[in-house]
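Take 41 as the starting number for the sequence shown in my numbering and just add one per residue.
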Amino acid sequence: MAGSGPVRRREVAGEALVRSIFEEHGRAMLAYATQLTRDRAAAEDVVQEALVRAWRHPDSLVNGKGSVRGWLLTVVRNIVTDTVRARKARPPEVPEGPTESAVERDHADQVVNSIVVTDALNRLSTEHRQVLEQVYLRGSTVAEAAQVLGIPPGTVKSRSYYALRALRDLAERRAGVERPAS
């Protein structure tokens with residue numbers, strides 16, 4: 041029967057070893073790698089590489105020189121360090137630019153719009169301005185804005201609605217736009 045010799049038994053034993061290592065130490069390895077990389081996907085890749093190294097060098101796990109977890113976390117740290125060094129050693133690739141130099145666009149409209157919006161925001165009540173700052177400038181959710189401002193979420197929604205309506209009215213008046221009576 042092909043594939044049932046000592047090599048196959050060693051492979052099966054290695055797979056069982058890696059599975060058991062992952063079950064016992066996988067969460068700690070992933071947590072440590074995530075802390076080092078600050079990127080869950082990269083951390084998962086690091087853990088996978090550490091498990092491959094454990095599979096390739098099972099004798100390192102059972103040589104009696106310290107704990108298995110200590111060895112694994114050292115491997116995780118070394119992989120992250122090697123990755124960072126490799127990234128720094130090679131400068132990032134920059135795509136080729138157009139042969140003609142780009143013309144810088146006039147940003148006067150952006151400046152004027154910024155002044156108009158700032159002026160309009162300053163004309164709002166403090167409560168309305170605070171809600172818009174939380175939701176639109178800071179990117180908070182309604183619940184987050186409610187917590188920061190110490191008001192119910194429904195109040196955040198209504199203040200946001202009326203603040204935007206007031207801003208629109210101010211902008212239309214400034215632009216000389218008249219709306220038909222409802």
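The beta-carbon is built from N, C-alpha and C at its ideal position, and this holds for glycine as well.
Cα-Cα separation, residue i to residue j
i           : j           : result
residue 110 : residue 81  : 22 Å
residue 131 : residue 95  : 33 Å
residue 41  : residue 55  : With a pLDDT of 49 at residue 41, under the threshold of 50, the modelled position of that residue is not reliable, and the figure given next carries that caveat. Near 21 Å, if we compare the C-alpha coordinates of residue 55 and residue 41.
residue 78  : residue 120 : 11 Å
residue 158 : residue 190 : 24 Å
residue 71  : residue 86  : 11 Å
residue 163 : residue 151 : 19 Å
residue 213 : residue 200 : 20 Å
residue 154 : residue 122 : 46 Å
residue 134 : residue 156 : 38 Å
residue 84  : residue 99  : 24 Å
residue 68  : residue 176 : 38 Å
residue 207 : residue 76  : 45 Å
residue 97  : residue 63  : 18 Å
residue 194 : residue 188 : 14 Å
residue 146 : residue 216 : 25 Å
residue 106 : residue 58  : 18 Å
Residue closest to residue i, alpha-carbon to alpha-carbon, out of the options
i           : options           : result
residue 181 : 167, 197, 166     : 197
residue 60  : 73, 91, 116, 70   : 91
residue 65  : 167, 189, 113     : 113
residue 117 : 74, 163, 216      : 74
residue 303 : 202, 71, 147, 183 : The structure shown does not extend to residue 303, since the chain is modelled only from 41 to 222, so the question has no answer here.
residue 89  : 187, 178, 115     : 115
Integer-rounded CB distance, given that residue j should sit under 8 Å from residue i
i           : j           : result
residue 160 : residue 210 : 5 Å
residue 186 : residue 192 : 6 Å
C-beta neighbour in chain C for residue i, strict 8 Å
i           : result
residue 118 : Annotation note: the requested chain C is absent from the structure, which comprises a single protein chain.
Inset, instruction - Kindly confirm or deny that the stretch 170–181 and the stretch 126–135 touch, where touching means at least three C-beta pairs closer than 8 Å. - result: No, because fewer than three Cβ pairs between the stretch 170–181 and the stretch 126–135 fall closer than 8 Å, the two stretches do not touch.
Legend entry - Unbroken stretches of the alpha helix (DSSP H), 4 residues or longer, contained in the stretch 89–167: Uninterrupted alpha helix (DSSP H) stretches at least 4 residues long and entirely within the stretch 89–167 occur at 98–101, 108–129, 148–163, given in chain order.
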